[in-house]
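Each residue of the sequence shown is one higher than the last, beginning at 9 in the numbering used here. Structure first, then comments.
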Amino acid sequence: MIYRKGIILIISFLTIFSLFSGCKVVPKPLNLIIVWHNHQPFYKDPVSNTYILPWVRLHGAKDYYRMPEIVSKYPDVKVTFDLSGSLIDQIKDYINGAKDRNLILSEKSADSLTVDEKFEMLQIPGGFFDINWDHILKKIPMYKSILNKREDTFKKYGSPLDKNKIVNSLTNQDYLNLQTLFNLFWLDTNYIKNDSSLSKLYNKAMNEENFTESGKKEVLDAQLNIVSKIFDEYKKLSENGQIELVTTPFAHPISALLIDFGFNSELTKQIERANKLFNEVFGFTPKGTWASECAINDGTLKLFSENSWNWTISDADNLDQLGVDTKKESLSKYIPYNADGVTTFFRDKYLSDGISFRYSGKSVDEALKDAEDTLLNLQKENKDGNLVYTIALDGENAWEYYENDGNDFLNGLYKKLLELQKEGIVRLITPSMYIKKYGKGNVVAPHKVQVLNLENADISNINSYSNLPAVEIQREFGESSWVNPTLDTWIGERQENVAWIWLKEVIEEFHKKENNLDEKTKGEVIDNLLKAEGSDWFWWYGSDQDSGNDPSFDRLFKIYLENIYKLLNDNIPGYLFGNYFPDGFPYTFESVSLEENKPLRLPLLNDGLNATIEYQNESTLINFSNAPKNIVVGVFNGRTLNPFFESQKKPSSFTMSPFPYEVESIGIPIDFEIHPKVTSSNSSEVIIDTKGLDARTLFIALASFDKNSNLVKISKPIQVRLPIKIQGEVIGELLDEEGDDNGPGTYTYPLNEIFKNKGRLFDLVSFTMLDSGENYIMQFKIGSIGGNPWNGPNGISFQILELYLDYKDGGSIKAIDEKGPMVQLNPSHGWDIALRIAGWSYGNFIALPDGKSVQGELGIQVDPQKNLITVALPKKYVNLSSSYKPYIAILSGSQDGYSPGYFRTVNVTASEWAGGGANPEAFNSSISPNVYDIFVPTGKTQQEILNSYDVKSNQLPIIPYLP
């Protein structure tokens, strides 16, 4: 009996065990948050009450209405939209009848346009060709024809400039067609084709049939009609619970930097103004926010929480600042974290950047397959159900790079996500829905973080982010943005730092006088101040970003500051009148590269005046013939920001006029002025003693005064490049195979005409290093310099070089910015100094192994005839020793100011502005190098080295050092 009971018990146990052992934990649907961020800075010139740039109107007509309208077709899709405070404010203004400069030009009949207005329409950038060329303009026969006509005309009459001949080379019908084309194709393609009237105009453009004034009016009316419906579309979806709608602090400031400067009250004003505006338009206060540029620190989060913003977005690369090790805990970036009372969701770059950048170059099916695979792989790990994948990106900027304005992709994306939701793979959700279902996220414990300490600092003479004052404190979040785990896109370069000090000074001046102002004046000051605090001025300042129209942004920033000084009844600082950026760098300039005892003709605006410039015995000599008696030479060497000559009339107000901008400014600050010495009846000379001057920042500009003492410009600013003395003991030389600027053997150049017939632009031929006493001289011989078509201040446009030198024990093994060249350096050598050489200020860059960097300390000289780039490295940064054998690695790539690390991307297939020939598997795994040439050690091949990536382990190729 006992034996029988035992058998039954064993059988029962085995049955139960077998049932449980057969059970697997079924993964739950992966929570998926999609946030579309929409923003435009304040473009209105407050003096003329006109918008100087048209992007609110154009993106409004093309994107801001279309994006929610597409979502409305898929009722089970849940997404989140952010509309920045500045964007909401400007859309309201357009609905109430505001106009931008392009709209005013568009509304005028072509017959009544002036020469200056027609010339303005022909500008690139800034005119009526500011539209995607590859995906739109060049596919429209009429548009392409007018562009070609414009290009031919500028080649004939652009240098020297003959404005009348340029303008009159196009007919009034051409200008009417251009007005219509520009506005028509800034509408969504699907909208055009589905509208009976607009579709006829589309067909006219394709068949090169001329437009009429009435047809143009139909286009402009359609644009403004669409803009008028934007808010209603968002309201409808918000009320239906299909979207979550949020905003940013009002003028899109870098909130973390306002905190770092001690201006918490300014950020509070920005948040309160944003909430008030949002409430007026949509009838409720948002539950979350998109922090401007996701620039967050603990003080920012605390103010968000105090103002009822419960969640925000950051980037997964910033999680280490919260003490989260994503390498050890791979799923840790797929849950939100609660710091300072706010839940932060961390966007994953792979799909966010995929939609922003990569997928525009793929077929819709290929892109959606990649997105689906990414989500499926993560969903398998979602055992507890709380994992969330966050896609967060700009909602307006990507689509012009897609075919059909991204409509095929967007509709395909939503359909695919609904399929996956039906299959239980994903759950489309908003941040507030997630918090309601799963809670506020993991609580972050206080820990040591480093933040900038700017409250009492004068940073105007600091020229790199790593040298800004910082402090280590106990906090929860740290300090970062969605660009990287720093704030270096908006501060750090001297141009940015000076602008911050200008802003700091005007804020402090306002706070001193605030209590003595009447309410109306106080309100006007605050309005201008909030706009001046916007992030975009600081985004475009410096060399790390380029809008193509940076002077306009500089002048908008200055005009807001000037308005504040006027309202406070203060003197307007002279530097606000300068036609130059906050560090004194001119908006536009010519360049002359001097050699010893070789005179060059100076580029002048006055055809009747001749002048030569020559370098002699450490002095620069300018000789004039037929010069006016009252000619004067202004010299800028980085010492002051004074825009005026001593005898010059000072202006009383600032204007937002296009080039030549302020007629009272010669375009550079004037450190000192020199009047020519007469040498004969019709000749005179100026001698500039260059001993003691900084050869890296030497500009001159020539002017005279008319009989009424008004300034007459004789030249644009001229950058004077002094020769570097190339002499000394040779330390080492390297030679490379010529003609191997093909990366791993397959790379090709971009397809744009500018890269053609220029020779081997990225081909390293030789390298020589000399000891000249005060400096180490480094000479890079390139296959071809290719000229300087984009007028890079350092004398080159195409090339970017990086040099890594190991000359002592220790050092760093990481590239300056790995995302640029997309390579890693041989870890058996740690570099002790690294250089980046390129055409702009980011290409005069010294990196140190402790993470600090210095900008502008290199001497750079280019000899386009000999295809040589010569670099002088001050010895204070390097101390070579005979007891340590130095090793070096050198990379060559294609410079692109818009790409990560300034290396132009090499895609699988070449396009107009990207190289081609990348291995598809490596490219799709984001481990494909962007390097065209390297110096190769004996026994290795370049092909072998640049193909040494590992897709399985996601490892970049390893670059060796050479002795």
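For glycine and all other residues, C-beta sits at the position ideal for the given N, C-alpha and C.
In this structure the region 424-435 lies against the region 378-392, because at least three pairs of beta carbons, one per stretch, are closer than 8 Å. Taking the Cα positions, Lys370 is about 13 Å away from Ala406. Looking at the DSSP output, Trp839 bridges to Ser820. The three-state reading of DSSP puts Ile262 in coil, since its state is none of H, G, I, E or B.
Between the alpha carbons of Glu541 and Glu532 lies a gap of roughly 14 Å.
The C-beta separation of Phe770 from Ser961 comes to about 28 Å, leaving the pair out of contact by the 8 Å criterion.
DSSP lists Lys606 as the bridge partner or partners of Glu603. With a cutoff of 8 Å on beta-carbon distance, Phe354 and Ser316 are scored as not near each other.
Within its own chain, the residues whose Cβ lies closer than 7 Å to the Cβ of Leu742, once the five positions on either side in sequence are excluded, are Ser774, Phe775, Phe943 and Leu970, listed in chain order. If you draw a straight line from the Cα of Lys336 to the Cα of Asp328, it comes to about 11 Å. For Met441, DSSP records no beta bridge to any residue. Taking a cut-off of 8 Å for Cβ pairs, the region 47-54 and the region 564-571 touch, as three or more such pairs fall below it.
Sequence-distant partners of Ser246 (beyond 5 residues in either direction) whose C-beta falls short of 7 Å from its own C-beta, in its chain, are Leu253 and Phe290.
In terms of Cα proximity to Cys302, the closest of Ile200, Ser177 and Phe485 is Phe485. The Cβ atoms of Tyr588 and Pro594 sit closer than 8 Å to each other. Contact annotation: Ser120 and Glu221 have beta-carbon atoms that are not nearer than 8 Å. In the assembly as shown, Thr308 is a buried residue. Its beta-carbon has 16 or more other beta-carbons within 10 Å. Here the C-alpha atom of Gly700 lies approximately 29 Å from the C-alpha atom of Trp510. Around Pro454, the same chain offers Gln482, Arg483 and Glu484 as residues with beta carbons nearer than 8 Å, after the five sequence neighbours per side are excluded.
Counted as a single uninterrupted DSSP element, the alpha helix (DSSP H) harbouring Met75 occupies residues Arg74 to Val79. As computed with DSSP, Gln807 is found in a beta bridge with Ser902.
DSSP places Lys721 in the strand class (E or B) of the three-state scheme. Residue environment: Asp333 is assigned as exposed (fewer than 16 neighbouring CB atoms within 10 Å of its CB, all protein chains considered). Within the same chain, and ignoring the five residues on either side of Asn461 in sequence, the residues whose Cβ sits closer than 8 Å to its Cβ are Asp268, Pro477, Ala478 and Val479. Exposure of Glu314 is indicated by the presence of fewer than 16 other C-beta atoms within 10 angstroms of its C-beta. Taking each of Arg366, Pro590 and Asn634 in turn and checking the Cα distance to Glu411, the smallest one comes out for Arg366. The C-beta distance from Asn802 to Asn852 rounds to 6 Å, short enough to fall under 8 Å. Taking C-beta atoms as the reference points, Phe931 and Asn915 count as a pair closer than 8 Å. Put simply, of Lys430, Gly947, Gly68 and Leu130 the residue whose alpha carbon is nearest the alpha carbon of Tyr102 is Gly68. In the displayed model, His45 falls within a strand according to three-state DSSP. Using a Cβ-Cβ distance cut-off of 8 Å, the region 466-474 and the region 443-454 are not in contact, since fewer than three pairs of beta carbons, one from each stretch, lie closer than that value. Looking from the CA of Val870, the closest CA among Lys733, Asp748, Ser907 and Glu125 belongs to Lys733.
In the DSSP assignment, Thr529 falls within the unbroken alpha helix (DSSP H) covering Glu527 to Ala540.
Boundaries for Gln278: no beta strand (DSSP E) harbours it, while the alpha helix (DSSP H) harbouring it runs Asn272 to Phe290, taken from the DSSP string.
Distances from the CA of Leu130 to each of Ile144, Glu115, Lys146 and Asn110 were compared; the closest alpha carbon is that of Asn110. A straight line joining the alpha-carbon of Gln624 with that of Arg609 spans about 15 Å.
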